[in-house]
Structure formats: C-alpha cells, structure tokens
Amino acid sequence: MATSTYTTPKNSLKCVEWMWQANPNPWSSSEPDIWNHYSDVENLIIERAYSNGEARAVLDDYYIDFQANRQISNTDDYKQRPVKRVVRNREDKHLREERFVDLPVSTERFVDLPVSTEHSFGGEYGWVSPFIIEVRRDLKLEPDELPSKKPEMIPQLVEQAAQGIIKEGKYIRKEEEAKELANMLREQKNNGIEQVWQRCAYIYSLESFLYKTLNATMRLVGDKEHESVWRSKIRTLGPFCLLLWDDPCNKKAKTKKTLYRGANLNREQIAKYEKMAKNNDEYGSFQAFTSCSRNRQKAEVFGNTLFIMEVVIAFTADLVGLSEYPNEEEELITPGVSFCVTKVESDRKINRHLIYLKLRQRFSSK
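Numbering (the numbering used here), first residue to last: 21 to 386.
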C-alpha cells in the first residue's frame with residue numbers, strides 16, 4: 021500500500037509549549053519552581069490566540085492573560101498563576117505515562133468475552149466490538165454501510181461526531197477543549213475518508229479528555245453492572261469511534277510484529293493472566309483502542325508489568341506519522357482484536373512481571 025501524506029492542523033505542537041507554575045505558592049521566592057504542562061488541546065487554544073495577537077485565551081476553568089503572563093480563574097480573579105511559553109524541539113516532549121500504562125482490558129471480565137461469542141463476528145473485519153456493532157445499529161447502518169464505502173455519508177457523520185464530542189465535553193466541564201476538537205474534525209468534513217480518518221487519528225493521539233473517555237467507556241463492554249453506562253455513550257461517542265475504527269489507511273491486517281505496553285498490576289490481576297496461560301484455547305479481547313509502543317525500552321519505563329505482544333495477524337494502526345509524539349513509536353490496536361496468554365514470568369533484572377500475548381484477528385467462517 022502506498023504511503024499516505026498525513027495532514028495535521030496548521031497550528032501544531034511541534035515547537036511550542038505553554039506551561040503554568042504549579043508549586044503551592046507560586047509567588048514565593050523560597051520555593052523551587054514547579055512547571056506543569058497544559059494538555060495538548062489547551063496548548064493549541066493558547067498558541068492560536070497568542071499567534072493571532074489576541075489579549076487572552078479562554079480555557080474551561082481559566083483564561084490566559086498574555087500581557088501579564090498569568091493564568092486567571094474564570095470565577096475568581098484572585099486565583100492567578102504565572103505561565104510561560106517554551107520554544108523547544110519536538111524530541112523534548114515529556115512521555116505520557118497515563119496513555120501507555122492504564123490496564124488495556126477490564127480485569128473484572130476480560131476473560132468473560134471469548135471471541136466465539138455468537139454475535140461477535142463482523143465479516144471481513146473479523147471480531148467486532150459490541151460497541152461498534154451498537155453504534156452501527158443506532159445509526160441505522162447496514163453491515164456494508166461504512167464511510168469508507170459510502171463517501172456521501174461522511175459530512176453528516178463528521179458533524180454527528182463533532183456534536184457528540186461537544187456534548188461529552190460539557191458533561192465534564194471541558195467545553196472549550198471539546199469545541200477545539202470538534203472544529204478540528206469539521207475542517208475535514210468535505211474531504212475524503214483518508215483525510216477524515218487521519219484527522220480522527222491525530223485527534224485521538226492528542227492528550228485530551230476524548231481518548232480517555234472513549235476508552236473508559238468501551239472497556240465497560242461485557243460488564244453487566246455498567247451496561248447502561250456504555251450504551252448511554254453510543255450516540256455521543258459512537259460516530260467518532262466509527263470514523264476512527266473504519267480505517268482506510270491500514271486495510272491489511274498486520275503480521276510478524278511485536279508491541280509493548282506497561283501496566284501496574286496487583287497479584288490478583290497477574291493470577292488471572294497466569295490462569296489464562298494454562299489454557300491455550302482461552303481468548304480475551306481488547307474492547308477499546310489500545311496504545312502500545314514498538315520500543316520495548318520505552319515501554320519498560322512504565323509500571324511493574326510489561327505486556328509483550330506478538331502480532332500473529334491483527335488490525336493495528338501506526339500513528340508515528342500522525343502523532344505529535346513520534347518518539348513514542350505508538351501503534352494502536354483496534355477494538356475487537358483477540359489475544360491468548362502464552363506465558364507469564366518475572367524478570368528480576370528489570371524488576372518486572374512479563375506477560376506474553378499472541379494477538380490474533382478472529383474471522384467469521386460465514
């Protein structure tokens with residue numbers, strides 16, 4: 021497949037980062053300065069306002085006064101902190117531990133959804149997450165009705181995705197961040213599916229509430245106690261999820277690749293993987309989009325456990341050309357990829373538990 025030219029927003033994060041002073045008393049001369057990062061989307065909002073010569077940038081809880089170099093509360097003018105604009109090389113960006121460490125599957129039910137479940141297959145895409153299936157039902161789409169196959173549906177689906185993002189942002193008081201993401205997506209609504217998917221993947225790669233909310237929701241699939249929760253998000257998160265899942269740039273399943281992901285597991289959680297390792301016919305599945313790295317050394321930095329995942333055959337997406345964090349070597353496992361556990365061991369040299377998985381796309385016999 022030919023290499024695509026990725027498109028990213030003009031106002032990217034490649035060389036500028038905004039930070040706020042986080043120590044208890046930012047005005048104290050005796051305390052060492054502590055500077056925290058704004059989220060990627062907040063950085064985009066701030067830098068655009070700054071570049072346009074505006075007096076301030078409005079965030080969800082604060083606004084940035086450029087003349088005073090202050091972060092000021094939207095509800096209390098006395099709550100202020102210094103901010104600074106840092107020009108730096110892309111390679112200097114901090115690693116995002118949260119993105120690569122949270123448990124990729126729910127330990128309460130990750131073995132309770134075997135890939136042989138009656139309603140789990142989805143034709144040429146193999147095993148399809150129930151969340152994706154319900155999104156398609158909610159949108160009243162036939163199995164072969166996807167944006168990659170019906171370009172005329174793209175503008176409306178993009179608008180539905182944008183509105184859903186804004187609605188989710190309002191729920192958690194992140195409306196400004198949500199509007200930024202929505203507008204970023206709308207810029208591509210009249211373009212082809214490749215440009216739309218690339219923008220969705222770029223948005224997903226950013227540090228924001230969206231990827232966290234989407235994955236937390238999708239990992240509830242199979243948990244009967246929280247079924248109403250994930251179903252309540254189908255209309256808001258579903259359109260964006262479908263656009264990201266219907267990947268026209270990675271049509272062929274990947275093979276012969278090894279991916280890595282760190283995690284913090286307790287003894288009980290590790291025991292569940294050990295139990296799976298004793299039965300080669302027992303499969304679990306990734307219900308959410310799951311970020312991994314192709315770089316073992318970087319993944320080993322995170323958590324007390326390292327997942328070592330051999331891709332036998334599975335749909336994944338290389339995000340290096342899209343991400344603002346290319347050094348993370350991020351590879352995205354798509355929802356519905358199944359796995360079996362081949363081995364669990366401890367490595368005393370690096371003080372990590374090692375869990376070996378084989379990833380396999382399970383295809384319907386129909």
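Don't be surprised by glycine CBs; every beta carbon is placed ideally from N, CA and C. All values derive from a computational prediction rather than experimental measurement.
For Gln91, the beta-bridge partners assigned by DSSP are Ile84, Arg101.
In the structure shown, Ile192 adopts coil according to DSSP, grouped into three states. With fewer than 16 other CB atoms across the displayed protein chains lying within 10 angstroms of its CB, Thr275 is exposed. For Ala308, there is no enclosing alpha helix (DSSP H), as DSSP marks it with neither H nor E. Secondary-structure assignment with DSSP links Tyr280 through a beta bridge to Ser313, Ile328.
Contact check for Asn89 against Val78 fails: the beta carbons are separated by 9 Å or more. Considering only Asp97, Thr362, Leu230, the residue with the shortest C-alpha distance to Arg119 is Leu230. For Ser49, no pairing in a beta bridge is given by DSSP.
Distance between Ala273 and Cys360, taken at the CA atoms: about 18 Å. The C-beta separation of Val241 from Gln307 comes to about 5 Å, placing the pair in contact by the 8 Å criterion. Here Val216 is buried: its Cβ has 16 or more other Cβ atoms, across all protein chains shown, within 10 Å. The DSSP-derived three-state label of Tyr224 is helix. Taking a contact to require three or more Cβ pairs closer than 8 Å, the stretch 293-309 and the stretch 360-376 qualify as touching. Between Glu245 and Lys209, the beta carbon gap of about 37 Å keeps them out of contact (Cβ cut-off 8 Å).
Counted as a single uninterrupted DSSP element, the stretch harbouring Asp367 is not any alpha helix (DSSP H) but the beta strand (DSSP E) occupying residues 358-367. Per DSSP, the unbroken alpha helix (DSSP H) holding Tyr70 starts and ends at 60-71.
In the displayed model, Lys232 falls within a helix according to three-state DSSP.
It is roughly 34 Å from the alpha-carbon of Ser93 to the alpha-carbon of Phe322.
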